[in-house]
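Trainee: Going by this note's numbering, the sequence shown opens with residue 2, and the numbers climb by one from there.
Don't be surprised by glycine CBs; every beta carbon is placed ideally from N, CA and C.
This structure is in structure tokens; I'll ask about it shortly.
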Amino acid sequence: MDDDVNKRLLLGFDGKNNLPEIMYNIINENRINVFHATKARKPLMALLNRWEN
């Protein structure tokens, strides 16, 4: 994601303990554009371990 400073990543558990990854960019202060949403991939799940420690 380094090639675009406007890309954002959401990674976290939902209410049913699923772990989705959602990528979006900010259009303006009232709007976002979600362009990717799927079950979290293993490389991104490693990011959660970094936050726990």
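1. Pick helix, strand or coil for residue 50, following the three-state DSSP scheme.
2. In its own chain, which residues sit with a C-beta less than 8 Å from the C-beta of residue 19, not counting the 5 before and 5 after it?
3. Which runs of the beta strand (DSSP E) spanning at least 3 residues fall entirely within the stretch 5–35, listed in chain order?
4. Do residue 14 and residue 24 come within 8 Å of each other at the CB atom, strictly closer than that value?
5. Whose C-beta lies closer than 6 Å to the C-beta of residue 7 among residues of the same chain, with five residues either side of it excluded?
Mentor: So, to answer that:
1. If you number the sequence shown from 1, residue 50 lands on position 49. Three-state DSSP puts residue 50 in a helix.
2. Walking along the sequence shown from the start, residue 19 turns up at place 18. Here the set comprises 40.
3. 8–12 and 21–29
4. As a first step, residue 24 is located in the sequence shown; it is residue number 23 there, counting from the start. As a first step, residue 14 is located in the sequence shown; it is residue number 13 there, counting from the start. Against a cut-off of 8 Å, the Cβ pair of residue 14 and residue 24 comes out as no contact.
5. Indexing the sequence shown from 1 puts residue 7 at position 6. 26, listed in sequence order.
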